[in-house]
Amino acid sequence: RLIDNQRRIDYVVTGLAVGLAVATKYNAALLIVPFLIAHIINFRHCESRRILAGRSLPAGKAGNPINLNLAIFAGAVIITFIISNPYSVLDAGFFWESLTHRIRGGYRGLGHHLAYSLFEGLGAIPTILGAIGLVGFLKKDFKKAIFLISFPAIFYIHLVFKSQPFPRYALPMIPFLAIGMAFLMFELYEKAKTNALKIAIIAVSLALVMPTTAKSIKADTLFTSKDTRIEAKEWIEKNIQPDIRIALAHTFFSPPLEQATGQLKEKERIISTQPELKNLKSRKLALLIKGRKPSNTYHVYYLRG
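Note that the working numbering has the sequence shown beginning at 9, numbered continuously upward.
This is how it looks when you write it as structure tokens:
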């Protein structure tokens with residue numbers, strides 16, 4: 009809509025959507041790139057229509073893409089973000105510190121998310137065909153294709169230089185690659201001259217999505233199953249008497265056993281030496297101690313610092 013029209017309501021709606029997206033996940037701020045591309049295309053369309061209509065601007069007032077519409081969009085983004093994420097203003101110092109120093113991520117290399125996340129998740133052939141389809145879209149409608157491709161392109165650059173290794177970080181790429189693959193298949197289908205060829209294209213399309221469909225169903229089955237850490241915890245509580253000493257290899261990838269009250273009280277001294285959130289941690293620890301049932305606690309030790 010921003011490309012085809014210059015209605016201010018579209019700038020407001022886009023600003024609301026981007027503000028909500030950024031408040032939900034900070035790297036959605038990359039949506040500013042496709043927005044600016046749409047805005048510039050829109051501006052040039054309007055300039056071209058004005059020139060063709062023979063309308064001239066007053067002297068010294070040449071067209072400028074930095075205009076009121078841009079300010080309306082920016083205002084909508086900022087207001088929506090603050091309403092959705094009020095602590096960014098109420099505790100601005102901590103917010104800025106967490107934004108600049110605590111968000112983990114680093115250089116992942118050019119091929120990590122391509123080979124590990126996309127090839128292993130979506131599949132190598134669908135990923136490649138999706139990319140070919142997005143590039144092929146350039147021939148059909150260059151301006152709208154640049155708008156569409158800009159987000160997955162800038163997002164992948166972000167994945168290369170500032171992300172974590174987990175495949176879920178590549179999820180925002182999937183819809184765009186699906187659009188690209190669909191575009192390519194429809195183009196081939198429309199150009200097919202025989203029904204046999206059209207049926208073959210449909211069959212290939214279904215075959216390409218079947219491995220991913222199988223993975224999706226398997227993942228849903230896994231995610232709705234009981235966590236193996238919980239299964240281990242339940243087995244220990246059923247078969248091992250309380251207060252036994254148990255060593256765990258990891259603080260997260262292990263059964264969430266409840267530590268004995270004495271061990272929890274030892275943590276009061278540790279909290280007193282930590283630089284931040286002492287009151288919150290102390291309150292949490294007090295609630296944990298209060299809620300302990302000796303019949304379900306163990307002396308838990310970890311094999312790492």
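Beta carbons are placed, not taken as given, at the ideal position from N, Cα and C, and that holds for glycine.
Quick caveat, the model's predicted, so the values are computed rather than measured.
For Thr-232, the three-state secondary structure derived from DSSP is coil. In the structure shown, Glu-284 falls within a coil segment according to DSSP collapsed to helix, strand and coil. Leaving aside the five residues that flank Ser-96 on each side, the residues in its chain whose CB is nearer than 6 angstroms to its CB run, in chain order, Phe-103. Around the CB of Val-30, 16 or more other CB atoms lie within 10 Å, so the residue is classed as buried. Contact fails between the stretch 165 to 179 and the stretch 144 to 157, because fewer than three Cβ pairs, one in each stretch, are under 8 angstroms apart. Taking 8 angstroms as the upper bound for CB-CB distance, Arg-116 and Val-168 are in contact here, some 6 angstroms apart.
Sorting Ser-262, Glu-128, Arg-52 by C-alpha distance to the C-alpha of Thr-220 places Glu-128 at the top.
Of the residues Ala-132, Pro-173, Gly-131, Leu-126, the one whose Cα lies closest to the Cα of Pro-160 is Leu-126. Cβ neighbours of Leu-272 within its own chain (closer than 8 angstroms, five residues either side excluded): Leu-293, Leu-296, Ile-297, Arg-300. Taken atom to atom, the span from the alpha-carbon of Glu-105 to that of Leu-192 is near 45 angstroms. Non-local beta-carbon contacts of Ile-45 in its own chain, meaning distances under 8 angstroms to residues more than five positions away in sequence, involve Ile-154, Phe-155, Ser-158 in chain order. Boundaries of the beta strand (DSSP E) around Leu-256: 253 to 256. Within the same chain, Leu-39, Val-85 come within 6 angstroms of Val-26 by CB-CB distance, once the 5 residues on both sides are set aside.
For the options Ile-87, Ile-80, Ala-240, Ile-91, the alpha carbon positioned closest to that of His-47 is the one of Ile-80. In the three-state DSSP reduction, Tyr-115 falls in the coil class, being neither helix nor strand. Annotation: the continuous beta strand (DSSP E) that includes His-307 extends over 305 to 310.
With fewer than 16 other beta carbons inside 10 angstroms of its own, Thr-202 counts as exposed.
The C-beta separation of Leu-28 from Ser-92 comes to about 6 angstroms, placing the pair in contact by the 8 angstroms criterion. Taking the Cα of Leu-142 as reference, the smallest distance to any Cα among Met-189, Leu-118, His-166, Tyr-34 is reached at Met-189. DSSP places Arg-176 outside any alpha helix (DSSP H), giving it a letter other than H or E.
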